[in-house]
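Written out below as structure tokens is the structure these notes cover.
Residue numbers (the working numbering), protein chains in the order written: chain A, 1238 to 2127; chain B, 358 to 482.
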């Protein structure tokens, strides 16, 4: 064991530990304390050995750190320096920062107006960005809750595959390890004596969870055979539904009454799992029928790891050849063309992106405007302090130190803004989650601490942006010259170029937001201007869903009773029911054969099945022939041969298939099996989407159709337009009383159906208009600040001129012109940028080009008005100032 | 500050040093400075306390406490060269002495009436 004698230098202390202590110690005491530590270390090395000495040293570092940090902080904060250190003051760099923080805090307290405006302005931007980030994160950033997410793709033409096609391909789809088919499968749930309620669900083939790589929390997923005909019906519950049903693990193996039939619960999915969207709460194995021709399925498939689902052309060619061999497709539904697989993330979330990104982008612009605003305010402050800065510089402060002070001030503002912004984000989060067109993701968005982290991160970025301009001005300017100028403050009123530049930037950014909002306003107006061909005011809509295993005849009886009860409600003028309402997307197509037109083989039309009152309730217009009437006798099972159905067709049907003939009396075929005689022609109705091209459609009478589905939409026309909303509760009650086995899927109005058909553009427009308003306000504050500062700087100048005979009105005019010029330059810059922004909105626009002169003009006009109004206030104040008062000031 | 000896009175709230009672480490440091009689620099103070208490002390805590006590005016330091190295040598100020004395008095008053025999019996289990 080495022995340290008093004469030998102490053994070297491990370097890292020494460096850490050195870092933590005040400068004046550093050598003394380190010598103490070295001596003790050497003693222990000799006495106890190297390992023990090292352990002691590290214990010392760890145990001393809090005390040493506190020591440095206290010295910096109190300024205490022991007289013994007179020539070697202690304290690390922290000290100058703390001194600056105290100074900045005093300055901000002394200027509460400036501090408040700066903090609130930044807080608006920070809070907004943080809130939108919080809402958008699950859609834009969070990984999908599936282990195989990267290997799964969605097949082309979703919601159009049949069980027959899927079973034909199953197990031998080239390039894919496994493929699952699913279709929406909302079910009614009867829990005890409570009325039936609708649970959004999915009917799926057994492969779904394996394709996704999702493991249940309890029990098992679906397994091969669960989807075979005659297999025991099984269902997997979502976490939320499981919780609602008691949250007991014993639910696995128990039975639930779904759609009127018992199903065994085999598993529960973990919290956070969703597919294909968070609204879906259960997944039921669907017994697949090899002859099933209902084209409503989507396919998702999993490829081998490392394979890009977008690069499967050769495999897809083989696949389409297999389809082509077996199936014969009408041109509109030809699955052998345009085969493509979309990565799952894009397929599930892609449509939500444009709206979110546009809103996030607009919010980021607001933050930039806020930063420019605060930077301009700060610049004004720096300029106002030019004499003080010059004196400090003359006394030896270097620019680095002066910049540090600016940074500290901005940091203080940033901290305040982050706190206020976090509160704003917390408040705005729910509102935004509902206002953004992200459907179930908005409902399931959760507020968490990451929002505060986001607010803080955004605040740091904002502070750096804010401090940029004043710092550049500080480094560029000649500080000492300010000292000379201070004596004649006011006479030389030039400068402020950077301040003006910031205002121009603000106006340009506001122009971007405002023009985006104007584009959407015009676009949405165009959408509402489309005539959907139906009455949208004064019509209530109640969607009901019943059990699946009920004969059509019984369904029809229940429905008739329901409609009769609804007709008896006060304020109701008439009602009807249909399997599918207009404006809710395409689907439900039958092939059609028209006599004398062999060329229309292999084409389809929409088919709609409705009760007679439906057409009247929706205000559909008859163009030719007659409506359904008593002469259209109901179908009975005895009619299976020789029965001719009566149908109505739309004008597009006539234009496309019977252009040169009188359509009334023509008998067409295809669909229900029975021949169909056209008895009337209806004006075109937007049966698919609002903006779809008119599509041929056939309308069948519910009493003549051989089957009636388990879901139906009831339309209720009220005597007064404003009563549509009010009748919904009564209609719900009627459903519960007359048809307790039916669950109300949705109770809404035709107006809201139209709103939904207008699409995400409507919601984004509302948000963007709000943000544009905010941008205008912030822009106005910026313009006001800069013009007021400009007017103040030249106050003496103006006073001399007015004293010499200049009319005050000219003063006002001149100052306002300054403001207007800034706005003008900003608008021009904004117009250039808005062309780029509009491309981002392209998918939300309808009937307007990306560069739309009226929208740009509206945005520019609004900015000009706001800008001139903001400049008028300081201009008027300057014009009204008595020059004698100003001249006596100095 | 009153001149009377606090322990001579039964006044429940005697006017004492505003710094009393000192914290445990503060008290130990001031006592160690007193005991060192002129050689009170950081290392010596730390060793003195470690010797008396038999516990290891964090070097940083000792130096930070010495500095804090000086900032409060309870100690005063001067620079001197000891064994060829520059050190801060500490001495107790009158305020420091009063604070220490008051701390001791308070403690004694608190202990007054505690049955020590019973305490030891309790501690012995």
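Think of the CB as a built atom: it goes at the ideal place given N, C-alpha and C, for glycine as much as any other residue.
Just so it is clear, the structure is predicted and the values come from calculations on it, not from any experiment.
Residues of chain B whose Cβ lies closer than 7 Å to the Cβ of residue 1297/A are, in chain order, 415, 416.
DSSP lists no bridge partner for residue 1557/A. Per the C-alpha coordinates, the member of 1598/A, 1886/A, 2059/A positioned closest to residue 1900/A is 1886/A. Assignment of residue 1534/A by DSSP, reduced to helix, strand and coil, places it in the strand class. Taking 9 Å as the upper bound on Cβ-Cβ separation, chain B lies near residues 1262, 1263, 1265, 1266, 1268, 1269, 1270, 1272, 1273, 1274, 1276, 1277, 1293 of the region 1262–1293 of chain A.
At the C-beta level, residue 1438/A and residue 1446/A stay beyond 8 Å of one another.
Here residue 412/B is exposed: its Cβ has fewer than 16 other Cβ atoms, across all protein chains shown, within 10 Å. Here residue 453/B really is in contact with residue 432/B; their C-beta atoms are around 6 Å apart, less than 8 Å. For residue 2124/A, the closest of 1583/A, 1689/A, 2039/A, 2086/A by C-alpha to C-alpha distance is 2039/A.
The Cβ-Cβ distance between residue 405/B and residue 460/B does not fall below 8 Å.
What residue 396/B touches in chain A, judged by beta-carbon distance under 8 Å, is nothing: the nearest beta carbon there is about 14 Å away.
When C-beta distances to chain A are compared with 8 Å, the residues of the region 386–410 of chain B below that value are 398, 399, 400, 403, in chain order.
Apart from the 5 residues on each side of it in sequence, residue 1969/A sits with its Cβ closer than 8 Å to the Cβ of 1779, 1981, 1984 in its chain, given in chain order. Sequence-distant partners of residue 1335/A (beyond 5 residues in either direction) whose C-beta falls short of 7 Å from its own C-beta, in its chain, are 1313, 1314. Within the DSSP bridge table, the entry for residue 1862/A names 1917/A as partners.
For residue 421/B, the closest Cβ of chain A is nearer than 8 Å. Residues of the same chain with a CB within less than 7 Å of the CB of residue 1693/A, apart from the 5 flanking positions on each side, are 1655 in chain order. Within a 10 Å sphere around the beta-carbon of residue 1595/A sit 16 or more other beta-carbons, which makes this residue buried.
Neighbours of residue 443/B in chain A, taken as residues at a C-beta separation under 8 Å, are given in chain order as 1268, 1269. Put simply, of 1505/A, 1898/A, 1307/A, 1466/A the residue whose alpha carbon is nearest the alpha carbon of residue 1480/A is 1505/A. When the five nearest sequence neighbours on each side are left out, the beta carbons in the same chain lying within less than 8 Å of the beta carbon of residue 1649/A are those of 1338, 1341, 1342, 1345, in order along the chain. Neighbours of residue 425/B across chain A, judged by C-beta separation under 8 Å: 1308, 1311. The beta strand (DSSP E) runs of length 3 or more contained entirely in the region 1564–1649 of chain A are, from start to end of the chain, 1578–1580. At a cut-off of 8 Å between C-beta atoms, residue 462/B does not count as an interface residue with respect to chain A. In this structure, the beta-carbon distance from residue 1964/A to residue 1777/A falls below 8 Å. If you draw a straight line from the Cα of residue 1817/A to the Cα of residue 1986/A, it is about 15 Å long. Among the residues of the region 445–478 of chain B, those with a Cβ less than 7 Å away from any Cβ of chain A are 445, in the order of the chain.
Positions of the alpha helix (DSSP H) runs, each at least 4 residues long and wholly inside the region 1950–2027 of chain A, are given as 1964–1975, 1987–1995 in order along the chain. The beta carbon of residue 435/B sits closer than 8 Å to some beta carbon of chain A. Within chain B, no residue has its beta carbon less than 8 Å from that of residue 1749/A; the closest one is some 55 Å off. Residue pairing of residue 1780/A in beta bridges, as defined by DSSP: 1950/A, 1983/A. Of the candidates 2051/A, 1760/A, 1405/A, 1405/A places its Cα closest to the Cα of residue 1562/A. The residue among 1272/A, 2075/A, 2064/A, 1756/A with its C-alpha nearest the C-alpha of residue 2006/A is 1756/A. Each residue's CA atom was taken as its position, placing residue 1652/A and residue 407/B some 44 Å apart. When the alpha-carbon of residue 1386/A is set against those of 1545/A, 1865/A, 2109/A, the nearest one is in 1545/A. The C-beta of residue 428/B comes closer than 8 Å to at least one C-beta of chain A.
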